[in-house]
Amino acid sequence: SSRDRSLAVVRGAAGALTTDFLETSAVAEALQDAAFFYATAFVLSTPPRAACVLRLADVAEERRRVFALNLSSAGLLPKVFADVQKLLPKCSFVFGNLEELRIFARLSGWSESP
Numbered sequence: 001s002s003r004d005r006s007l008a009v010v011r012g013a014a015g016a017l018t019t020d021f022l023e024t025s026a027v028a029e030a031l032q033d034a035a036f037f038y039a040t041a042f043v044l045s046t047p048p049r050a051a052c053v054l055r056l057a058d059v060a061e062e063r064r065r066v067f068a069l070n071l072s073s074a075g076l077l078p079k080v081f082a083d084v085q086k087l088l089p090k091c092s093f094v095f096g097n098l099e100e101l102r103i104f105a106r107l108s109g110w111s112e113s114p
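Numbering (the working numbering), first residue to last: 1 to 114.
Here it is, written out as structure tokens:
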């Protein structure tokens with residue numbers, strides 16, 4: 001099995017993600033109709049973007065919708081763990097690979113072995 005990954009992005013696009021953006025009429029309307037919300041832990045890497053994800057999780061919870069979080073990267077988890085912990089009660093699903101889940105377990109103070 002390969003450990004290689006690929007990701008295509010528009011550089012700088014995440015910089016536009018603010019809670020003000022979520023309140024624009026087009027986005028607010030889309031959020032009203034959304035059945036699923038998905039975020040990656042990468043987005044938690046700056047306070048403004050973390051605030052957006054927390055707001056999206058609140059919207060999902062208020063509307064009784066599915067909120068899913070991808071742990072994204074074992075190296076990133078220690079940096080964003082406080083925000084991940086805030087999101088967990090609002091998550092319907094949490095995705096992660098074995099390495100990410102082991103780091104999550106260690107940061108949570110859990111045993112890493114079954």
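Glycine included, every Cβ here is placed at the ideal spot set by N, Cα and C.
* Asked: Does the count of Cβ pairs from the stretch 89-104 and the stretch 56-75 closer than 8 Å reach three?
  -> Contact check between the stretch 89-104 and the stretch 56-75: three or more CB pairs, one atom from each, fall below 8 Å, which counts as touching.
* For the candidate residues Gly75, Leu87, Arg11, whose alpha-carbon lies nearest to that of leucine 98? -> Per the Cα distances, Gly75.
* Please list, in chain order, all residues of the same chain as phenylalanine 104 whose beta carbon is under 7 Å from its beta carbon, the five residues on each side excluded. => Excluding sequence positions up to five before and after phenylalanine 104, its CB lies within less than 7 Å of the CB of Leu71, Leu77, Gly96, all in the same chain and listed in chain order.
* Asked: Does DSSP put leucine 88 in a helix, in a strand, or in coil?
  -> DSSP places leucine 88 in helix when its eight states are reduced to three.
* **Expected contact under 8 Å - CB spacing of alanine 41 and valine 84 to nearest Å** => The pair is a contact, with the Cβ atoms about 6 Å apart (cut-off 8 Å).
* **Contact check, alanine 51 vs leucine 87, beta carbons under 7 Å** => Against a cut-off of 7 Å, the Cβ pair of leucine 87 and alanine 51 comes out as no contact.
* Asked: In three-state terms, what does DSSP make of valine 9?
  -> When DSSP states are grouped into helix, strand and coil, valine 9 belongs to the coil group.
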